[in-house]
Amino acid sequence: MGTNLGEGDGCELPATAVCWLTDDPFPGIILVEFADVYDRPHQLVGKTAYFGGELQPNSPYPCPTSIQCTIEEIADDVATVSTWWLEGGPNSTRFVFDVWLDTLTPITDDT
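If you read the sequence shown in my numbering, its first letter stands for residue 432, the second for the next number, and so on.
What follows is the structure, given as structure tokens:
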């Protein structure tokens, strides 16, 4: 399966939207889960705008979605990705995950 993605590219990582958490702030906050290349589970909470699909409060959760991220490094078939929209810690450190390169897709602009 190969992709034409490289280091520095924006991409989407497949994930599962687990539940709608709140309508405030608009456009709403959801809980999303995915597993990294080591099968470790991760949960992210963020605005629906940072995830793929038309997620609404009445969507049939759990449902498929994707997480917008940036490829930091590629080693063989593993990509290290970071979240540009979700930061934490004392130095606003990005969250970084190792995922399979062939699961990533380029960010699509639906506008």
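Even glycine gets a Cβ: it sits at the ideal position worked out from N, Cα and C.
Since this is a predicted model, take the numbers as computed values, not measurements.
Presumed contact (8 angstroms Cβ cut-off) between Thr479 and Pro493, rounded CB distance: Here Thr479 is actually not in contact with Pro493; their C-beta atoms are around 15 angstroms apart, not less than 8 angstroms.
Using alpha carbons as the reference points, say which of Asp533, Ser497, Ile502, Phe528 lies closest to Glu443. Of the candidates Asp533, Ser497, Ile502, Phe528, the one whose C-alpha sits nearest the C-alpha of Glu443 is Ser497.
Pick out whichever of Tyr481, Pro491, Asp455 has its Cα sitting closest to the Cα of Gly441. Taking only the C-alpha atoms, the option nearest Gly441 is Tyr481.
Report yes if the C-beta distance between Val512 and Ile505 is below 7 angstroms; otherwise report no. Contact flag unset, no.
Return the chain-ordered list of same chain residues with a C-beta closer than 7 angstroms to the C-beta of Asp508, the five sequence neighbours on each side being excluded. Counting only Cβ-Cβ distances below 7 angstroms, and skipping sequence neighbours, we find Trp531, Leu532, Asp533.
Count the other CB atoms, across all protein chains shown, that sit within 10 Å of the CB of Glu463; report buried if there are 16 or more and exposed otherwise. This sequence places Val at residue 463; Glu is not what is there. If you draw a 10 Å sphere on the C-beta of Val463, you find 16 or more other C-beta atoms in it, and that means buried.
Nearest-angstrom Cα separation, counted from Pro445 out to Leu535: One Cα belongs to Leu535, the other to Pro445, and the distance between them is close to 7 angstroms.
Classify Thr514: buried if its beta carbon has 16 or more other beta carbons within 10 angstroms, exposed otherwise. Around the C-beta of Thr514, 16 or more other C-beta atoms lie within 10 Å, and the residue is accordingly described as buried.
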